[in-house]
Amino acid sequence: MWEDLEERVLCCAEYIVQTGCTVRACSAHFSISKSTVHKDMTERLPQIDKALYAEVRAILDKNLSERHIRGGNATRKKYELKKRIAAHAAGLHGDTVNLSPQADSFADSAF
């Protein structure tokens, strides 16, 4: 798919800078492994473009520092949805229970 290794590295780096996405999201977007994206961003990119590497490194560090918060929010949503489903099945809240995970009012806008 990629004609040139350098082209792949630069495309991934520019995508991360534009979107602020995680390594996982970048790998899914380009259909390559997380290991490849990580190696491209941490080992190959500094040799190709140091300025772009500095931008990508800042985003990767930010994502790393927020990782535990994202995981906690995902776990909380999982168990709240499970609780809603159980309450609905038990008939405790009638037929008006919204089982959609989007019904939550969590502060996800910070991420």
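In this text, residue positions in the sequence shown follow this note's numbering: the first is 61, and each later residue adds one. Cβ coordinates follow ideal geometry from the N, Cα and C atoms, glycine included.
Classification of residue i by the beta-carbon crowding that lies within 10 angstroms, buried from 16 upward
| i | result |
| --- | --- |
| ARG104 | buried |
| ARG87 | Per the sequence shown, residue 87 should be read as Ser rather than Arg. By the neighbour-count rule (16 or more Cβ atoms within 10 Å), SER87 is buried. |
| ALA73 | buried |
| ILE76 | buried |
| ASP64 | exposed |
| ASP121 | exposed |
| SER169 | Low confidence applies to SER169: its pLDDT is 49, below 50, so where it sits in the model is not reliable enough to give any reading. |
For residue j and residue i, believed in contact at Cβ under 8 Å, the rounded distance
| i | j | result |
| --- | --- | --- |
| VAL97 | VAL116 | With a Cβ gap of about 10 Å, VAL97 and VAL116 do not count as contacting. |
| GLY80 | ILE119 | 6 Å |
| VAL92 | GLU66 | The question names Val, but residue 92 is Ile in the sequence shown. With 8 Å as the limit, ILE92 and GLU66 do not qualify as a contact, their Cβ atoms being about 15 Å apart. |
Range of the contiguous alpha helix (DSSP H) that encloses residue i
| i | result |
| --- | --- |
| CYS72 | 65-79 |
| ARG136 | 110-150 |
| ARG84 | 83-90 |
| SER95 | 94-99 |
Same chain only: Cβ atoms within 8 Å of residue i, ignoring 5 sequence neighbours per side
| i | result |
| --- | --- |
| ALA134 | none |
| CYS71 | PHE90 |
Own chain residues within Cβ distance below 7 Å of residue i, not counting five before or after
| i | result |
| --- | --- |
| LYS99 | none |
| VAL69 | ASP100, ARG104, LEU105 and ILE108 |
| ASN123 | THR82 |
Other residues of its chain near residue i: CB distance less than 6 Å, five sequence neighbours each side excluded
| i | result |
| --- | --- |
| TYR113 | LEU105 and PRO106 |
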